[in-house]
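S.K.:
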Amino acid sequence: MTPFSALLSHYRRHPWQGVALATLMLLATALWTGIHHLTSQARASLSQSEQVVEARYQIQRVDGAALSVDDFVALRRQGLCLMPWLEVLPEDESRRVIGVDPLAALCFQGQGDVASFDGQPLRGDPFMDIADAAALPARQAQLFLIVDPDSGALSDDYRITDFSLAPDTGQLGDSFLLNLDALSVLVLLITGLLLRSVYLLSLSQRRDSFALLNRFGVPVRRVRGYLVVELLCLAAVTLIPGILLGQILANALAGGFASVMEGLFDSRQLATAANTWLVPSVVMMTLLLLVCAADWLIPDKLRQSAIVGHRSGGLAGMLLVVGAGGLWLASDLLTLFVAVALVLAGAGLLMPWCLSALSSRLARGCKRPLMRRWWAEYGVLCRRLALPLVALQLSLAMVLAVQALVTTFEATFDRWLEQRLSADYYLEVPTGAEGRTAAHWLAQNLPASSGALWHRVLRGQAQVQLGDEWQAVDVFALAPVGALVTDWELFENVEQPWRKLAAGEGVLVNEQLAYREQLGAGDSLPLKLAGQIISMPILGVYPDYGRPAGEVLMAGDHLPDGFAVSFESFSISPGSIGIEAITGALSELWQEPSLTVRDNLSIRDLANRVFDQTFALTRAMTLLTLALAAVALLLMGWVFLATRLWYFRLLEVWGMARPAIFLRLLSLALMVSLSAAILALPVGIGLTWVLVQRINPLAFGWSLPMDLYPGFWLELLALALVIGVCIGLLMHRQLGRPAVRPSVTGTVTGEER
1 MTPFSALLSH YRRHPWQGVA LATLMLLATA LWTGIHHLTS QARASLSQSE QVVEARYQIQ
61 RVDGAALSVD DFVALRRQGL CLMPWLEVLP EDESRRVIGV DPLAALCFQG QGDVASFDGQ
121 PLRGDPFMDI ADAAALPARQ AQLFLIVDPD SGALSDDYRI TDFSLAPDTG QLGDSFLLNL
181 DALSVLVLLI TGLLLRSVYL LSLSQRRDSF ALLNRFGVPV RRVRGYLVVE LLCLAAVTLI
241 PGILLGQILA NALAGGFASV MEGLFDSRQL ATAANTWLVP SVVMMTLLLL VCAADWLIPD
301 KLRQSAIVGH RSGGLAGMLL VVGAGGLWLA SDLLTLFVAV ALVLAGAGLL MPWCLSALSS
361 RLARGCKRPL MRRWWAEYGV LCRRLALPLV ALQLSLAMVL AVQALVTTFE ATFDRWLEQR
421 LSADYYLEVP TGAEGRTAAH WLAQNLPASS GALWHRVLRG QAQVQLGDEW QAVDVFALAP
481 VGALVTDWEL FENVEQPWRK LAAGEGVLVN EQLAYREQLG AGDSLPLKLA GQIISMPILG
541 VYPDYGRPAG EVLMAGDHLP DGFAVSFESF SISPGSIGIE AITGALSELW QEPSLTVRDN
601 LSIRDLANRV FDQTFALTRA MTLLTLALAA VALLLMGWVF LATRLWYFRL LEVWGMARPA
661 IFLRLLSLAL MVSLSAAILA LPVGIGLTWV LVQRINPLAF GWSLPMDLYP GFWLELLALA
721 LVIGVCIGLL MHRQLGRPAV RPSVTGTVTG EER
């Protein structure tokens, strides 16, 4: 037998430790690969699409109709420099492809490379020949005509506008992706703690094997080399299936993820070819080597004063103070994430130190010998199971925080949708139809006695003066301002805001604009509308969870005459009249055979599905991480208590009945797992506050109320008790077996013996 095969024989005697290491590595690789695959594709799509169309202009029809091939031919014959850009969302696909004509790009800046556009390649995903793109079976397709504005004059039927695949949302899409990355880093941290705890246990049980190999002339350095090879073999066995599972997970979530990026952040997701195996392989290999072989890089004196040392309490306190200061003062996401990491590290260091100190104090104060021994044994377990306990604490805190965030968001979003979709029906004004005529008809034919309510919605663009610059914002105008909106919940407002809004005495702004520009009720807001500059007081700030852009709410009756309306609709609750009678009359009035009418209940269901998809990935990550931590603690508690079985058998020698010994083991297992859950509660509450009051405003521009859900706390405590009961039941099987000489992780002190 070679030295290397002698080392591997440990897993033949303890197969569950090898299975635990491989399972943790496999699931962590799959989870992290899935997140990396989704976020890297989204970033590549954002970067590639914006690079290709940076500082470009497009042609649009003045009448608002969609562009066609006939428009391209007519404009090309006028001598204009044009390039067609056909965006297609194929059926059964979640990402768009772009059809281009590279030959048409030759006229831009006199370039001679038909395979590029302003130096950006037009080959490979997401680009294809425009004829092939047009032939695809598509759910959506839209043609853009990119134009060189200096190539000639346009006819009166067309206009030139900026071409951008998405509005400027303040890098909100990147912030969302950064949040996912931060959560995946936390998953890696918890996984690292679990891997290290299982591996340290195996090293502890192999101390005699290491000593025997050393006596037979195998140097310590060579033994460590064999251990590194062992870790590399473990990585080789788990990385490939883990990466494949991660890609399967990413593909399963890709459709919902793309809907979130497009629905929440107006970010079109293009088909891109991304390398999805190299980075996860390097990251997981590095994680495995660092957490399992870190002791070889740390001096012995420093290692002996690590997690359970006497200095860890002071270090934990320092980390908590510095991290808390960072949480309060951070002005960007990266600084905030660093502060969160410091707080979590401090909490992780503090938990085993506090439990060990508490057990020592209670043991010294006990007069009953058996109780003193119970508290001493509890302290040993807290010290020796420190890593899996910290991992369970952090995963429980993460699950608690994410659950509170998701539940709070769902409740808040439902209330907001009830306000914004308070009307029963949404009716879109057809292109070319006159909305004012329809508004006059509704005012004349929907009497108050019928219970009907309605308002006209006009959308467009304006500019607000922020400092020395003018910034574009959306305009959301209502006419009349009535009962459909006066029940809206406002974050802050002046007295009688809705009456003043209807009278044209001010405007309302959404939370995103107010947060980014530090605006509040009573402030004056300079507006440029239809070429006119007016200064309007801000009457209030309203929630707007649907879009990231800044928005100004005005009374439609007081818009300037030259205001360009980009979109127009009606919100109608027909009362006793019925929507069919109203749509029939408006169809006749507009001379339109069919109108676009949507039931707002279906719109609400669609919006809820989009936001549910937003958190599907987050929930999957947190629940899988919690499952990993629970299984690891179950395995570690079982194995470690088995190593303490020899000491518990002494109680039987001294006359204690076996059922009483089992009850002591069960109470210890319950107390250890319950301690981790109880100490996870304050960490989870703090993490909830960080998510809803700090990360959310910085990432998305709006905040959420801080709501707590004690019922879910009880569920987590019950889960911890289940873990403890499972450990106790597994130990019940061990009590009837012969006890072996105890072996524990690290140095065995006299107190622990």
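Residues in the sequence shown are numbered from 1 upward in steps of one, following full-length UniProt numbering.
Glycine included, every Cβ here is placed at the ideal spot set by N, Cα and C.
This structure is a prediction, so every number in the text was calculated from the model and none was measured.
Where do the N-terminal and C-terminal ends of the beta strand (DSSP E) with Gly460 fall, by residue?
M.R.: 453–466 is the extent of the beta strand (DSSP E) around Gly460.
S.K.: Would the stretch 537–557 and the stretch 578–591 be scored as touching if the rule is three or more Cβ pairs under 8 Å?
M.R.: Contact between the stretch 537–557 and the stretch 578–591 is absent, because fewer than three Cβ pairs lie under 8 Å.
S.K.: Is the beta carbon of residue 754 sitting closer than 8 Å to the one on Leu668?
M.R.: Since the first residue of the chain shown is 1 and the last is 753, residue 754 is not available in this structure.
S.K.: With respect to the alpha helix (DSSP H) encompassing Ile661, which residues constitute its N-terminal and C-terminal limits?
M.R.: That run of the alpha helix (DSSP H) goes 658–689.
S.K.: Might you give, ordered along the chain, the residues of its own chain that have their beta carbon closer than 7 Å to the beta carbon of Asp168, omitting 5 neighbours on each side?
M.R.: Note that Asp168 has pLDDT 41, beneath the 50 cutoff, so the model's placement of it is unreliable and the number below is only indicative. Here the set comprises nothing.
S.K.: How many whole angstroms separate the CB atoms of Ala235 and Met284, which I take to be in contact at a CB cut-off of 8 Å?
M.R.: Ala235 to Met284, Cβ: 7 Å. Contact.
S.K.: Below 8 Å on the Cβ atoms is my contact criterion, and I expect Leu453 with Ala483 to pass it. Report the Cβ-Cβ distance as a whole number of Å.
M.R.: About 6 Å; that satisfies the 8 Å criterion.
S.K.: Could you pull out every residue in the same chain whose Cβ sits closer than 6 Å to the Cβ of Pro574, ignoring the five residues on either side in sequence?
M.R.: Closer than 6 Å at the Cβ level, and outside the excluded window around Pro574, lie Ala452, Ile582.
S.K.: Cβ of Trp689 within 8 Å of Cβ of Tyr545?
M.R.: Taking 8 Å as the Cβ cut-off, Trp689 and Tyr545 do not qualify as a contacting pair.
S.K.: Just the Cα atoms here: how many angstroms apart are Trp353 and Val509?
M.R.: Taking the straight line from one Cα to the other gives about 50 Å.
S.K.: Does DSSP put Gln142 in a helix, a strand or coil?
M.R.: If DSSP states are grouped into helix, strand and coil, Gln142 belongs with the strands.
S.K.: What would DSSP say about Gln591, mapped onto helix, strand or coil?
M.R.: Looking at Gln591 - three-state DSSP - the assignment turns out to be coil, as it is neither helix nor strand.
S.K.: Leu427: which of Trp590, His14, Val220, Ala357 sits nearest, CA to CA?
M.R.: Out of Trp590, His14, Val220, Ala357, Trp590 has the C-alpha closest to the C-alpha of Leu427.
S.K.: Label Pro659 either buried or exposed according to how many other C-beta atoms from any shown protein chain fall within 10 Å of its C-beta, with 16 as the threshold for buried.
M.R.: It counts as exposed.
S.K.: Helix, strand or coil for Lys367? Go by DSSP, reduced to three states.
M.R.: Reduced to three states, the DSSP call for Lys367 is coil.
S.K.: Mark residue 754 as exposed unless 16 or more other C-beta atoms lie within 10 angstroms of its C-beta, in which case mark it buried.
M.R.: For the chain, the structure presents residues 1 to 753; residue 754 sits outside this window and is missing.
S.K.: Are the CB atoms of Leu26 and Leu75 nearer to each other than 8 Å?
M.R.: Cβ distance not < 8 Å, so Leu26 and Leu75 don't count as in contact.
S.K.: Leu7: buried (16+ other C-beta within 10 angstroms of its C-beta) or exposed?
M.R.: That one is buried.
S.K.: Is the beta carbon of Ala677 less than 8 Å from the beta carbon of Ala629?
M.R.: Cβ atoms of Ala677 and Ala629: not closer than 8 Å.
S.K.: Put Met706 into one of helix, strand or coil per three-state DSSP.
M.R.: Here Met706 sits in coil by DSSP.
S.K.: Buried or exposed, going by whether 16 or more other CB atoms sit within 10 Å of the CB of Asn600?
M.R.: Its Cβ being crowded by 16 or more others within 10 Å, Asn600 is buried.
S.K.: Terminal residues of the continuous alpha helix (DSSP H) containing Asp414?
M.R.: Element bounds for Asp414: 386–420.
S.K.: Going straight from the alpha carbon of residue 759 to that of Ser356, what length do you get?
M.R.: As shown, the chain starts at 1 and ends at 753. That puts residue 759 outside it, with no answer to give.
S.K.: Name the residue from Val237, Ala30, Gln419, Leu421 whose alpha carbon lies nearest to the alpha carbon of Val279.
M.R.: Cα-wise, what sits closest to Val279 is Ala30.
S.K.: Start and end of the beta strand (DSSP E) containing Ala437?
M.R.: Sequence check: residue 437 is Thr here, not Ala. Careful: Thr437 lies outside any beta strand (DSSP E), inside the alpha helix (DSSP H) at 435–445.
S.K.: Near Ala472, which residues of its chain fall below 7 Å by C-beta distance, leaving aside the five closest residues on each side in sequence?
M.R.: Gln461, Gln463.
S.K.: Met398: which of Val187, Ser569, Ala134 sits nearest, CA to CA?
M.R.: Of the listed residues, the one whose Cα sits closest to Met398 is Val187.
S.K.: With Val338 and Gly326 assumed to form a contact (beta carbons below 8 Å), what rounded beta-carbon distance in angstroms separates them?
M.R.: 6 Å between Cβ atoms; contact.
S.K.: Going by beta carbon distance, what residues of the same chain come within less than 6 Å of Gln111, once the five residues before and after it are set aside?
M.R.: A caution first: Gln111 carries a pLDDT of 46, below 50, which makes its placement in the model unreliable, though a value can still be read off. Excluding sequence neighbours, Gln111 sits near nothing in its chain.
S.K.: Distance check for Leu405 and Gln693, CA to CA, integer angstroms please.
M.R.: Computed Cα separation, rounded: 10 Å.
S.K.: In whole angstroms, what separates the C-alpha of Val505 from that of Ala330?
M.R.: Here the sequence assigns Glu to residue 505, which means Val is not the residue at that position. Cα-Cα distance, rounded: 37 Å.
S.K.: Quick one: Cα of Leu244 to Cα of Leu287, how far?
M.R.: For Leu244 and Leu287, the distance between alpha carbons rounds to 19 Å.
S.K.: Helix, strand or coil: which one does DSSP assign to Arg61?
M.R.: Strand, per DSSP.
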